[in-house]
Amino acid sequence: MALHDRVKTALDETRTLILGAQILLGFQYQAAFEDRFDALPPHARVMAAGALGLMLLTIGLLVAPSAYHRIAEHGRSTGHIHMLIGSLAALALLPFAAAFGLDVAIATEHMSGGDIGAGGAAGAGVTVLALAGWYGVGAMMKRHLGIAERHMARTEQHRRECTPLHARIEQMLTEGRVILPGAQALLGFQLVIVLMAAFEKLPALSRLVHGGALLCVAAAVILLVMPAALHRIVWAGEDSERFLRIGGTITATALVPLALGLTGDSYVVVARIAMSRTAGTVVAATVAAVLFGLWFAWPMAARRSRA
12 MALHDRVKTA LDETRTLILG AQILLGFQYQ AAFEDRFDAL PPHARVMAAG
62 ALGLMLLTIG LLVAPSAYHR IAEHGRSTGH IHMLIGSLAA LALLPFAAAF
112 GLDVAIATEH MSGGDIGAGG AAGAGVTVLA LAGWYGVGAM MKRHLGIAER
162 HMARTEQHRR ECTPLHARIE QMLTEGRVIL PGAQALLGFQ LVIVLMAAFE
212 KLPALSRLVH GGALLCVAAA VILLVMPAAL HRIVWAGEDS ERFLRIGGTI
262 TATALVPLAL GLTGDSYVVV ARIAMSRTAG TVVAATVAAV LFGLWFAWPM
312 AARRSRA
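Per my numbering, the very first residue in the sequence shown carries number 12; after that it's consecutive.
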């Protein structure tokens, strides 16, 4: 298989992971505004906030290869980006599994009438099962299978391929499809909670931040859909170097309002859970540092080091 085909396959696999993660991300944001959330014990609310942080880290890690590919690699297929996509996807499964377990623990404890033991056992069981399925099975299989393929991937880590134009365009459009589900999950939450009773009780600052975050995510969705629209309307679906440059720039630019939207509503949710602006501010600052670090600072530093 050509290197550009392997990169495309790796991006498709990341898209599968993010499609699974988007459901939990939307739930984490929305849960704090549901009617029964305030009836949860304090430790369950803290667990919900922790699960939100873990899912934001998951999304950050899953989107990072697309940002790196656009910014650091200029959309070229290299052995390094192929290995990087796999490494970050594998790393993202850790916080994903932990958040999954926390959510199941909260739900089970609530369904069992406040039985902390039942909730803890169910949450731990789901986390262990996820880790076994996502890591354990692969670890056992790799002892006997895929040895030659992994060796080839390692030996080609520094390879740089002259990627055909159609493959680069396909990769760029795929990267947009990787990023879009996270934006969709957040936008759905943002539109729904304004109709909830809990939203009316938010402080004016939180409502203002939410409004700004909503506009940011709406802008991100518009930008992420834009390359496909331009490709069809302007270039009639034909390959073009100019379209590749424009589409790649738009896709990378969309990450700015998306990061701002995720950051803004993390403040709103945590400030409501903790009933503290300070807690919300600290968490939002941390989220911003992680997302902008993974999506911009790291790829830009890598690009400068190669210049």
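Here a beta-carbon is modelled for each residue, glycine too, at the ideal position from N, C-alpha and C.
Could you check which residue in the options has the C-alpha nearest to that of residue i?
i: G90; options: R256, V280, D16 and A133; result: D16
i: V293; options: G275, I29, R317 and T138; result: G275
i: A62; options: L22, T138 and A296; result: T138
i: L266; options: L65, H155, A118 and P76; result: P76
i: L113; options: L99, I180, V57 and R314; result: V57
i: C227; options: L202, A285 and K212; result: L202
i: F38; options: A208, L65, L102 and I82; result: L65
i: L67; options: E211, A215, L105 and A141; result: L105
i: H80; options: I117, L22, F48 and D49; result: L22
i: E187; options: A295, M152, V205 and A78; result: Going by the sequence as given, residue 187 is Gly instead of Glu. Nearest option by C-alpha distance: A78.
i: A101; options: W145, I204 and S123; result: W145
i: F107; options: A208, L142 and S123; result: L142
i: V232; options: E252, L216, D250 and A263; result: A263
i: A196; options: L36, A43, I204 and A159; result: L36
i: F44; options: E249, F303, R218 and W246; result: R218
Grab the span of the alpha helix (DSSP H) containing residue i for me, first residue to last.
i: Y40; result: L14 to A42
i: E211; result: A208 to E211
i: G71; result: P53 to I82
i: F303; result: R288 to F303
i: R179; result: L176 to I204
i: G222; result: A215 to I244
i: I313; result: Looking at the sequence shown, residue 313 is not Ile but Ala. Where A313 is concerned, the enclosing alpha helix (DSSP H) stretches over W309 to R317.
With 8 Å set as the bound, which would you pick, yes or no: does the beta-carbon of residue i sit closer than that to a beta-carbon of chain C?
i: G222; result: Checking the listed chains, one finds no chain C in this structure; it contains a single protein chain.
Could you check how far apart the C-beta atoms of residue i and residue j are, in whole angstroms? I think they sit under 8 Å.
i: I120; j: A110; result: Note that residue 120 is Glu in the sequence shown, not Ile. Not confirmed; about 16 Å, so no contact.
i: V281; j: A270; result: Actually they do not touch by this definition, with Cβ atoms about 16 Å apart.
i: L198; j: A178; result: Wrong, their Cβ atoms sit about 30 Å apart, outside the cutoff.
i: L176; j: A239; result: No, L176 and A239 are not in contact; Cβ-Cβ is about 17 Å, not under 8 Å.
i: I6; j: A32; result: An answer regarding residue 6 cannot be provided, because it is not within the stretch 12 to 318 covered by the chain.
i: F254; j: I180; result: 7 Å
Secondary structure at residue i, three-state DSSP: helix, strand or coil?
i: T89; result: strand
i: R256; result: helix
i: R47; result: coil
Inset, instruction - Taking only runs that begin and end inside the region 128-155, name each unbroken alpha helix (DSSP H) of 4 or more residues, in chain order. - result: Runs found: 148-152.
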